[in-house]
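K.L.:
In this text, residue positions in the sequence shown follow our numbering: the first is 1380, and each later residue adds one. Backbone N, C-alpha and C define an ideal beta-carbon position, used for all residues, glycine too. Keep in mind it's a predicted model, so treat the numbers as computed, not measured.
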Amino acid sequence: MFRRKHPKHTFPSRAPTVTSTDHINTLLKKCSYDTWVIVDLDNTVMEAHDDHDGLGSDQWFEHIFKHSLTVVNDKAQAKNLVMTIYNEVQMQTKMQPVDKKIGLIIRRLQHIGIPVIALTARGVELEESTVSQLNSINIHLTKFFDNKPILSKVNDNEVHFKNGIVFCAGGNKGDAISQLLEDMVPVRHSYIKTLHAKGNRERIRKTPQLPKHIIMIDDKRKHVDSVHRAVVALDASFDGLHYTHLDSKVANFKIEPAAKQLSLLYPRLTDAAKKAVDDLKLLEVVTVTKKL
1380 MFRRKHPKHT FPSRAPTVTS TDHINTLLKK CSYDTWVIVD LDNTVMEAHD
1430 DHDGLGSDQW FEHIFKHSLT VVNDKAQAKN LVMTIYNEVQ MQTKMQPVDK
1480 KIGLIIRRLQ HIGIPVIALT ARGVELEEST VSQLNSINIH LTKFFDNKPI
1530 LSKVNDNEVH FKNGIVFCAG GNKGDAISQL LEDMVPVRHS YIKTLHAKGN
1580 RERIRKTPQL PKHIIMIDDK RKHVDSVHRA VVALDASFDG LHYTHLDSKV
1630 ANFKIEPAAK QLSLLYPRLT DAAKKAVDDL KLLEVVTVTK KL
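#1: For residue 1596 versus residue 1423, is the C-beta distance shorter than 8 Å?
#2: Which residues in the same chain have their Cβ closer than 8 Å to the Cβ of residue 1647, if we skip the five residues on either side of it in sequence?
#3: Across which residues does DSSP place residue 1540 in a beta bridge pair?
#4: Under the three-state reduction of DSSP, which class applies to residue 1657: helix, strand or coil?
#5: Tell me which same chain residues have a C-beta within less than 6 Å of the C-beta of residue 1543, skipping the five on either side of it?
#6: To the nearest whole angstrom, what separates the beta carbons of residue 1557 and residue 1591, a pair I think is in contact under 8 Å?
#7: In three-state terms, what does DSSP make of residue 1524?
#8: How far does the beta strand (DSSP E) with residue 1596 in it extend, from its first residue to its last?
#9: Where does residue 1396 land, buried or exposed, given buried means 16+ other C-beta within 10 angstroms?
#10: Anyone know if the C-beta pair for residue 1483 and residue 1640 falls short of 8 Å?
#11: Less than 7 Å between C-beta atoms, sequence neighbours within five positions excluded: which residues of the same chain meet that for residue 1636?
#12: So residue 1440 packs on residue 1501, CB below 8 Å; how close in whole Å?
#13: Please name the residue or residues paired with residue 1499 in a DSSP beta bridge.
#14: Go through its chain and collect everything with a Cβ distance to residue 1625's Cβ below 7 Å, but skip five positions before and after it.
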């Protein structure tokens, strides 16, 4: 899990920065030996395949959630209906990389000993689907993090760290990473102790130290800012990248093609998901389009 030790040097302190970029390889320019890289998943690392016409995408989720609030008065109920649909659609959504270079960039960082973890708003119920989607585009995040999962409590929200992915379940990403790093300290200590008992020096050598410098890349500026505040509070250096590569695509999203794809998928949904679709009247846009 941890990498080889480097000679001790004194480096000048790095002032935290947050910048916008359209290029994924910008994060390479920010890395040093004591860096951890944190990547968002949806619309940063991967996106719903073009064949889906937006169904299963981040922008589709936001659209149907806003729509649900116009149909259901109770926000909690509306959210539950949307999540029932989203989680099931996601299990059948094929992904493509946002930038074809992202897989190679992640593998190169891992090869030189820089841990890369994902920080996603998805819930842990999508863990299997998320790992499968990442594997389908040749991205694997377990290189440094194949030990026991970590469950962190953040306010009333559960944050799960599994397979190199932090599942925030819609919670604040800054709070999630702050609590996770705190919870990693005793987990790492116990892990190293176990390896010592087994005499596994090679594994100890490859186990990464907790980060002194964090790079975060996310397509939503609010998440970059929240992690920025959390990392600075932990007295670590920070470089935040607001990734704008898909901004135009998101801005031009149309619900009609995605609704048509949902209508085609509808027969394969569970009864619970079908009921949620019906309750939110998500297929009515397809009916209206046909009439026109």
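P.N.:
Looking at the atomic coordinates:
#1: Residue 1596 is a Cβ neighbour of residue 1423, given a cutoff of 8 Å.
#2: Correct list, in chain order: 1471.
#3: DSSP, once it has assigned bridges, lists 1529, 1545 as partnering residue 1540.
#4: Residue 1657: helix per DSSP, three-state reduction.
#5: Hits under 6 Å: 1496, 1520, 1521, 1524.
#6: Residue 1557 to residue 1591, Cβ: 15 Å. No contact.
#7: Note: residue 1524 maps to coil in three-state DSSP.
#8: Element bounds for residue 1596: 1592-1597.
#9: Classification of residue 1396: exposed, given that the 10 Å Cβ count is below 16.
#10: No, they are not a contact pair.
#11: Within the same chain, and ignoring the five residues on either side of residue 1636 in sequence, the residues whose Cβ sits closer than 7 Å to its Cβ are 1432, 1433.
#12: No, residue 1440 and residue 1501 are not in contact; Cβ-Cβ is about 10 Å, not under 8 Å.
#13: DSSP lists 1546 as the beta-bridge partner residues of residue 1499.
#14: Counting only Cβ-Cβ distances below 7 Å, and skipping sequence neighbours, we find 1422, 1426, 1477, 1598.
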